[in-house]
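Just below is one structure, and these are the notes that go with it.
In this note's numbering, the protein residues as written are 2 to 188.
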């Protein structure tokens, strides 16, 4: 199988235009080889089935995930080889973390501090997870929330004076991260 580089595993961006038209096959015993291609989307739906390489030109890879490319080559004697390749549409866009009215907070030791509500959205339309951490004035990190879909009604009590770092972290299904930070000034 000769392909000018298109018959290989690739990582591409959303909207990539597939073009497998350069795939060709040669056989030392017979010049007549057929090439048929099947392309399957990340949700396992067949986009094209058993088409010639020229018919793959213009297919747009518009969903995140792995597209499966199967190339079947058969010679005049019925001998065949099947090769599979993956084109991965990678999501490299961080989620949007929405923390309305975020600002540093001044408080006193032992007071209940109301923290900010938060939500997150992502370009992939998949759920994001939100985690909330506090680094105390002594440098210890406390996990307040891990992998929640949203944050609402969260409170914290500081028992030592000093500056506390608070960060909200949104993570999408591809591992992209967005962080929002603020400080608690406890006296």
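Ideal Cβ positions, reconstructed from N, Cα and C, are used throughout, including at glycine.
Remember, it's a predicted structure, so these values are computed and weren't measured experimentally.
Proximity to residue i [Cα-Cα], best of the options
i, options, result
"residue 100", "87, 118 and 136", "118"
"residue 161", "174, 109 and 128", "109"
"residue 12", "173, 68, 146 and 136", "68"
"residue 35", "91, 14, 76 and 22", "76"
"residue 181", "102, 22 and 59", "102"
"residue 156", "150, 61 and 167", "167"
Helix, strand or coil at residue i according to DSSP, with G and I counted as helix
i, result
"residue 56", "helix"
"residue 81", "strand"
"residue 34", "strand"
"residue 161", "coil"
"residue 115", "strand"
"residue 18", "strand"
"residue 108", "strand"
"residue 27", "coil"
"residue 45", "coil"
"residue 173", "coil"
Rounded separation between residue i and residue j - CA only
i, j, result
"residue 43", "residue 18", "15 Å"
"residue 72", "residue 125", "29 Å"
"residue 104", "residue 135", "15 Å"
"residue 151", "residue 14", "28 Å"
"residue 60", "residue 130", "32 Å"
Own chain partners of residue i with C-beta closer than 7 Å, once the 5 adjacent residues on each side are dropped
i, result
"residue 163", "138 and 187"
Close beta carbons around residue i, own chain, < 6 Å, minus the five adjacent residues each side
i, result
"residue 47", "41"
"residue 97", "122"
"residue 1", "This structure leaves residue 1 out entirely; the chain is present only between 2 and 188."
- Mind listing, in chain order, the continuous beta strand (DSSP E) runs of no fewer than 3 residues lying wholly within the segment 122 to 155? 130 to 136 and 142 to 149
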